[in-house]
Amino acid sequence: MNSSKPDQYAVIGNPISHSQSPRIHSIFAVQTGQNLEYQAILAEPGHFSTTVNAFRENRGRGLNVTVPFKQEAWIYADLLSTRAERARAVNTLVFQEDGVAFGENTDGIGLVKDIKDNHNLELAGQRILLLGAGGAARGILQPLLNESPARLVIANRTPAKALELALMFTDLGSVTGCGLDELAGQRFDVIINATAAGLSDSVPALPDGVLASDGWCYDLMYGDEPTAFVSWARQQGAARWLDGLGMLVEQAAESFSLWRGIRPDTQLVIATLRNVAGRGSV
Ligand code: ATR
Numbered sequence: 004m005n006s007s008k009p010d011q012y013a014v015i016g017n018p019i020s021h022s023q024s025p026r027i028h029s030i031f032a033v034q035t036g037q038n039l040e041y042q043a044i045l046a047e048p049g050h051f052s053t054t055v056n057a058f059r060e061n062r063g064r065g066l067n068v069t070v071p072f073k074q075e076a077w078i079y080a081d082l083l084s085t086r087a088e089r090a091r092a093v094n095t096l097v098f099q100e101d102g103v104a105f106g107e108n109t110d111g112i113g114l115v116k117d118i119k120d121n122h123n124l125e126l127a128g129q130r131i132l133l134l135g136a137g138g139a140a141r142g143i144l145q146p147l148l149n150e151s152p153a154r155l156v157i158a159n160r161t162p163a164k165a166l167e168l169a170l171m172f173t174d175l176g177s178v179t180g181c182g183l184d185e186l187a188g189q190r191f192d193v194i195i196n197a198t199a200a201g202l203s204d205s206v207p208a209l210p211d212g213v214l215a216s217d218g219w220c221y222d223l224m225y226g227d228e229p230t231a232f233v234s235w236a237r238q239q240g241a242a243r244w245l246d247g248l249g250m251l252v253e254q255a256a257e258s259f260s261l262w263r264g265i266r267p268d269t270q271l272v273i274a275t276l277r278n279v280a281g282r283g284s285v
């Protein structure tokens, strides 16, 4: 092992070439004066642990984990934060000096930080509609409920999955699950899209009037062009419509501070990426 080599970090996923994480973390490293290298690693399905082990042997100190490996990273971790434990998904691995692989999920913290700190919006006391009941929705549920919304409804194309997910979080607040067609006649102050519908430029089928008159919308996806859900929000007369670029940068900053003990400034990075981000989700 070359002892002069900087500490190694990476994002692991499949596909991975579109990932903005190497760019984000390189800017963070320069900004905070940290001597590290950050790369993107493509892992083949079924080779997550072997790829991670090889990375650790080559001075790997931490990983970001993205689609489709967040659940595998959850299994891989020796120790989990309570947040990651609940999410059943890990997006950040820390390889500690004592050999322990610590797993955290910074997606939800990143989302809440973007909403509150970057956009000065409130979640406390709000009626929140969360669209989708897959891994993305599950990963953000605990941080959302920690903000004490008046209520949180998970609505999904397949209603049973929404009901099941809601049941796992009822001890943390007022959370229920339902199908999309059960939303008729209901009103929400905040609608968060955590479905994969945007990948096919579509929007979950929502009844008109589901967004309250001064309500706002957040899409976990981001893109050069407004996402399909952001366009829907504008058509519905939303007071604000936000995409997931800020969340992407904030979750990265949380990972970086876990690894290096210093939190970078995110504003400049969000502004830089806004023009060159391409399309994706965290
Ligand atoms: P992820 O990890 O991104 O959450 P996932 O676990 O496959 O991916 O979950 C995808 C979510 O998007 C699901 O809630 C899915 O609904 P179903 O459970 O009914 O499959 C939702 N989804 C995907 N395409 C959709 C569409 N066109 N309209 C509405 N919901 C959609």
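Using the numbering used here, the letters of the sequence shown map in sequence onto residues 4 to 285.
Using N, Cα and C, we set each Cβ at its ideal position, and we do this for glycine too.
Quiz item: Three-state secondary structure (DSSP) at Gly111?
Solution: helix
Quiz prompt | Sequence-distant residues of the same chain with beta carbon closer than 6 Å to Pro207, five excluded per side | solution = Leu134, Leu183, Thr198, Ala200
Quiz item: Is the Cβ-Cβ distance between Trp219 and Val233 less than 8 Å?
Solution: no
Quiz item: Is Pro207 near the ligand ATR, in the sense that its beta carbon is under 7 Å from a heavy atom of that ligand?
Solution: yes
Quiz item: Can you tell me whether DSSP reads Ile265 as helix, strand or coil?
Solution: coil
Practice problem: Determine the closest residue to Asp174 out of Val193, Glu185, Pro162, Arg154, with distance taken between C-alpha atoms. | Solution: Arg154
Practice problem: Decide if Arg266 is buried, meaning its Cβ has at least 16 other Cβ atoms within 10 Å, or exposed. | Solution: exposed
Quiz item: Closest to Ala43 by CA distance: which of Gly49, Ile27, Gln34 is it?
Solution: Ile27
Self-check item: CA-to-CA distance, Asp117 to Asn123, given in whole angstroms
Solution: 9 Å
Quiz item: Are there 16 or more other CB atoms within 10 angstroms of the CB of Ala13, so buried, or fewer, so exposed?
Solution: buried
Quiz item: By how many angstroms is the C-alpha of Gln11 removed from the C-alpha of Val55?
Solution: 12 Å
Quiz item: Out of Gln239, Tyr225, Ala236, Phe105, which has the shortest C-alpha to C-alpha gap to Val279?
Solution: Tyr225
Self-check item: Straight-line gap, Asn5 to Arg263 (C-alpha atoms, nearest Å)
Solution: Residue confidence is low: Asn5 scores 47 on pLDDT, short of 50, so the model does not pin down where it sits. Its coordinate-derived value is still stated next. Going from the Cα of Asn5 to the Cα of Arg263 covers about 21 Å.
Quiz item: What whole-angstrom Cβ distance do Arg89 and Glu107 have, given they're in contact under 8 Å?
Solution: Not quite, the Cβ-Cβ distance comes to about 12 Å (not below 8 Å), so this is no contact.
Quiz item: How is Met4 classed by DSSP in three states: helix, strand or coil?
Solution: Confidence at Met4 is low in this model, with a pLDDT of 48, below 50, so its placement is unreliable and the value that follows should be read with caution. Three-state DSSP puts Met4 in coil, outside helix and strand.
Practice problem: Go ahead and label Thr95 buried or exposed: buried means 16 or more other beta carbons lie within 10 angstroms of its beta carbon, across all protein chains shown. | Solution: buried
Practice problem: Determine the burial state of Ile78: buried for a count of at least 16 other Cβ atoms within 10 Å of its Cβ, exposed for fewer. | Solution: exposed
Quiz item: If you compare alpha carbons, which of Arg62, Ala57, Arg64, Phe51 is closest to Lys73?
Solution: Phe51
Self-check item: Terminal residues of the alpha helix (DSSP H) in which Glu75 lies
Solution: 73-79
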